[in-house]
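Down below is the structure, laid out as structure tokens.
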Amino acid sequence: MTETQEYDVLVIGSGFSGIHQLINLRKQGLTVKILEAGSDLGGTWYWNRYPGARVESEVPIYQFSDPELWKDWTWSERFPGWKEIQEYFQYVDRKLGIKQDVLFSSRVVSAVWNDTTDRWMLTTEDGRVFRSQFLSLCTGVGSKPYIPDFKGLDTFKGQVHHTARWPAECNLAEKRVGIIGTGSTGVQVIEEISPIVSHLTVFQRTPHLALPMRQRQISVEEQEKQKNDIYPILFSRRLQTFSGLLHDLNPKPTMDATPEERISFYEDKWEKGAFHFWLGAYKDLFTNQQANDEAYAFWRKKVRERIPNPELQEILAPMQAPHPFGMKQPSLEQRYFEVYSQPNVTLVDIKKDEIEEITLNGLKISDGPILATGFDMVTGGITAIDIRGQDGIPIKEKWSSGIRSYLGLASATYPNMFWIYGPHSPASFSNGPTTIEFTSEWIINLIKHMKDNQISSVAPTEKAQNLYSEKVSRLGAAGLWLRAKRSWFMGANIPGKKTEMLQFPGGVPVYTKLCNDEAKNGYKGFHTKPEVVRKKG
Ligand code: NA7
Numbered sequence: 001m002t003e004t005q006e007y008d009v010l011v012i013g014s015g016f017s018g019i020h021q022l023i024n025l026r027k028q029g030l031t032v033k034i035l036e037a038g039s040d041l042g043g044t045w046y047w048n049r050y051p052g053a054r055v056e057s058e059v060p061i062y063q064f065s066d067p068e069l070w071k072d073w074t075w076s077e078r079f080p081g082w083k084e085i086q087e088y089f090q091y092v093d094r095k096l097g098i099k100q101d102v103l104f105s106s107r108v109v110s111a112v113w114n115d116t117t118d119r120w121m122l123t124t125e126d127g128r129v130f131r132s133q134f135l136s137l138c139t140g141v142g143s144k145p146y147i148p149d150f151k152g153l154d155t156f157k158g159q160v161h162h163t164a165r166w167p168a169e170c171n172l173a174e175k176r177v178g179i180i181g182t183g184s185t186g187v188q189v190i191e192e193i194s195p196i197v198s199h200l201t202v203f204q205r206t207p208h209l210a211l212p213m214r215q216r217q218i219s220v221e222e223q224e225k226q227k228n229d230i231y232p233i234l235f236s237r238r239l240q241t242f243s244g245l246l247h248d249l250n251p252k253p254t255m256d257a258t259p260e261e262r263i264s265f266y267e268d269k270w271e272k273g274a275f276h277f278w279l280g281a282y283k284d285l286f287t288n289q290q291a292n293d294e295a296y297a298f299w300r301k302k303v304r305e306r307i308p309n310p311e312l313q314e315i316l317a318p319m320q321a322p323h324p325f326g327m328k329q330p331s332l333e334q335r336y337f338e339v340y341s342q343p344n345v346t347l348v349d350i351k352k353d354e355i356e357e358i359t360l361n362g363l364k365i366s367d368g369p370i371l372a373t374g375f376d377m378v379t380g381g382i383t384a385i386d387i388r389g390q391d392g393i394p395i396k397e398k399w400s401s402g403i404r405s406y407l408g409l410a411s412a413t414y415p416n417m418f419w420i421y422g423p424h425s426p427a428s429f430s431n432g433p434t435t436i437e438f439t440s441e442w443i444i445n446l447i448k449h450m451k452d453n454q455i456s457s458v459a460p461t462e463k464a465q466n467l468y469s470e471k472v473s474r475l476g477a478a479g480l481w482l483r484a485k486r487s488w489f490m491g492a493n494i495p496g497k498k499t500e501m502l503q504f505p506g507g508v509p510v511y512t513k514l515c516n517d518e519a520k521n522g523y524k525g526f527h528t529k530p531e532v533v534r535k536k537g
């Protein structure tokens, strides 16, 4: 029998969220341990090492804002790849000694709350037990890979790899490769491997309405100048825009602009690249079908210009939009639409004839398929753990009929449990580090408040939770989100998962105001239990 280890806070996951929690909770004099399933730091950047994996938020705002962590770090590109981001996490460790407080290869399988002692008890896959007053879920939005139930997959003789479980050694040169899935991941893999494989067959169910990345190298000199002049300004600007990026939505209704104005606006966004054409668009793109159609027509024209073959044009950028633009996550591409003109690439439109069975002959790929089929997004990392709160009901069961949260960071009956960059938070509608740093600091301030006021535990009230959860649903219903079939934004990519808005779609400033008001009002949306009650218990 191993001895139970006791901490003030147990954090699950060592990506941006977990590391931010560790660094800043330690500053409060609290004992903290991170339990991490992987064997190194990085979270999503540890797991997603498939060819071409690259962040879609740009530097410098895609990093920690603490000057200690940027003053002598330089990036090489506007959108760094996974290797460079992994190196960044090693740098953060060298600076602040992160790994000393992380237990790697420690997958948490259960977390059970004891309402008498006000402690969480966590158990890992290999049977180790840990106890803490606070539980911080930093499991990320895409930590549970989704593999569709393809008949014949388990008997398939070739190699099959899900992109988020990419093997360290995998040489695709001269191989005949197939890829299922053309989401953000699929786009990146396809671009990267198409020049090296002997043949690539892409199985597309839904065309991907990708946007130009406009990648570029960034020099040390450029970054040094920016560090002196504007880094702190850029980091604070992040909290003022809808998306936590540096650009913002345009409040003007699309159809109020003249056709010339509109085209010039779209051209400008297109040239800037990245998410400017999406999260810097006319705001009614998200709510008005006509406005959305205008944006799609521009996108289609731009993309078709890059595809000489009319048949391919119709599969990749159809006349009829596959779904409202931006209601499924648009990826950032570098040469995606040119790939299909290569002689070694075949595009198979499986829209009408979905792949049900993986067979060597059926797919006509001799060296096995890559599964870029996504994740049980946003909730999957949390519901994969058997988490039981005051009433003993697993969170997976509780959320089967819909996520219940207060402020996208806590849930009633699960005291002293918080999550970062997860369900009902702005999560992927925002630049990761923006929402992560804000939420992490907010949680730490609440813990500080509890310590200062001898509070042993807090949990959202049902009333506050209902109001907030209804707000997320209402904001979701006001958009065109539901018109996009199988979108992970709505949980609709996973068969059987409830279709609902998984993230807060109201923008970062609205979200942060709700959270800040709650703190200013003395955390009235939470039940509190004083220390003294716990001691008697
Ligand atoms: P996504 O965006 O969920 O994409 C998954 C892709 O896999 C998508 O093209 C799906 O087609 C396809 N898919 C899923 N199931 C099947 C079946 N059964 N048959 C054929 N094709 C299928 O996941 P990603 O990993 O690309 O991206 C996830 C997020 O991670 C991304 O948005 C970034 O924020 C980071 P569909 O569109 O459903 O027709």
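Take 1 as the starting number for the sequence shown in the UniProt record's numbering and just add one per residue. Cβ atoms here follow ideal geometry from the backbone N, Cα and C, with glycine treated the same way.
Three-state class that DSSP yields for residue i in the structure shown
i, result
"Gly-537", "Low confidence applies here, because Gly-537 scores a pLDDT of 45, under 50, leaving its location unreliable; read the following figure in that light. Coil, per DSSP."
"Tyr-50", "coil"
"Gln-226", "helix"
"Arg-486", "coil"
"Asn-24", "helix"
"His-247", "coil"
"Gly-389", "coil"
"Ala-372", "coil"
"Glu-77", "strand"
"Thr-123", "strand"
"Ala-111", "strand"
"Asp-349", "strand"
"Ile-218", "coil"
"Glu-84", "helix"
"Lys-71", "coil"
"Tyr-62", "coil"
"Glu-354", "coil"
"Gln-133", "strand"
"Asp-93", "helix"
"Ile-41", "The sequence shown places Leu at residue 41, not Ile. DSSP places Leu-41 in coil when its eight states are reduced to three."
Per-residue burial, residue i [other beta carbons within 10 Å of its own, 16 or more giving buried]
i, result
"Ser-469", "buried"
"Arg-216", "exposed"
"Gly-392", "exposed"
"Lys-513", "exposed"
"Glu-356", "exposed"
"Val-177", "buried"
"Val-339", "buried"
"Leu-122", "buried"
"Ile-230", "exposed"
"Leu-467", "exposed"
"Lys-144", "buried"
"Arg-94", "exposed"
"Lys-328", "buried"
Any non-hydrogen atom of the ligand FMN within 7 Å of residue i CB
i, result
"Phe-429", "Although the ligand FMN was asked about, the structure shown includes only the ligand NA7 as ligands."
Cβ neighbours of residue i in the same chain (closer than 7 Å, five flanking residues each side left out)
i, result
"Thr-383", "Ile-395, Lys-396, Trp-399"
"Lys-536", "Residue placement at Lys-536 is poorly supported in this model, since its pLDDT is 49, which falls under 50; the coordinates still yield a value, given next. Correct list: empty, nothing qualifies."
"Arg-107", "Ala-37, Thr-124, Glu-125"
"Glu-462", "Ala-412"
"residue 553", "Because residue 553 is not part of the residues shown, which for the chain are 1 to 537, the question remains open."
"residue 554", "With the chain covering only 1 through 537, there is no way to say anything about residue 554."
Residue i Cβ short of 7 Å to the ligand NA7 heavy atom set
i, result
"Thr-373", "yes"
"Ser-143", "no"
"residue 538", "For residue 538 there is no data in the structure shown, the boundaries of the chain being 1 and 537."
"Ile-179", "no"
"Thr-379", "no"
"Gly-491", "no"
"Glu-58", "no"
"Thr-206", "yes"
Own chain residues within Cβ distance below 6 Å of residue i, not counting five before or after
i, result
"Tyr-414", "Gly-389"
"Pro-251", "Lys-283"
"Gln-86", "Gly-42, Trp-45"
"Pro-207", "Leu-316, Pro-322"
"Val-345", "Ser-194, Leu-200, Val-339"
"His-247", "His-276, Gly-280"
"Arg-214", "Gly-273"
"Glu-192", "Pro-51, Gly-52"
Cβ of residue i within 8 Å of any chain C Cβ
i, result
"Ile-19", "No chain C is part of this structure, which consists of one protein chain only."
Contained beta strand (DSSP E) runs [length at least 3] in the stretch 394-458, N- to C-terminal order: 417-419
Length-filtered (3 minimum) beta strand (DSSP E) runs lying within the stretch 491-533: Complete beta strand (DSSP E) runs here, min 3: 526-530.
Unbroken stretches of the alpha helix (DSSP H), 4 residues or longer, contained in the stretch 288-335: 289-304, 310-316
Those runs of the beta strand (DSSP E) which lie wholly inside the stretch 138-211 and span at least 3 residues: Here the runs fully enclosed are 176-180, 199-204.
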